[in-house]
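Numbering (full-length UniProt numbering), first residue to last: 1 to 108.
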């Protein structure tokens, strides 16, 4: 479930608003988008994947609002971590090639 839009990282591009399939976000003039309908979030990670500055945090196992601390998330490198793991973003590599399951399937 979407838990955080970082005010310090967000560049107000509103891509998250446009890509969200369940219309979770609302635009706010001159500010980061607001998480308006969090309960509608399907934890699909699309918003996090498309965020060009890793300003979003989607909690993969949360069913409802969980307390998050932006500084702790940044320190743990969790902001945009899904995006990083799939290799989206400048200078990133797909992590699937490091996964042993990927290597097993490649031989089939």
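Glycine is no exception: its CB is placed at the ideal position from the N, C-alpha and C atoms.
Nothing here was measured: the structure is a model prediction, and the numbers come from that model.
How many whole angstroms separate the CB atoms of residue 21 and residue 27, which I take to be in contact at a CB cut-off of 8 Å? Rounded, the Cβ-Cβ distance is 17 Å, inconsistent with contact.
Skipping 5 residues on each side, what residues in its chain have a beta carbon closer than 7 Å to that of residue 89? 83
Between which two residues does the beta strand (DSSP E) holding residue 28 run? 25-28
Evaluate the contact criterion for the stretch 36-43 versus the stretch 11-18: three or more CB pairs, one atom per stretch, below 8 Å. no
Helix, strand or coil: which one does DSSP assign to residue 93? coil
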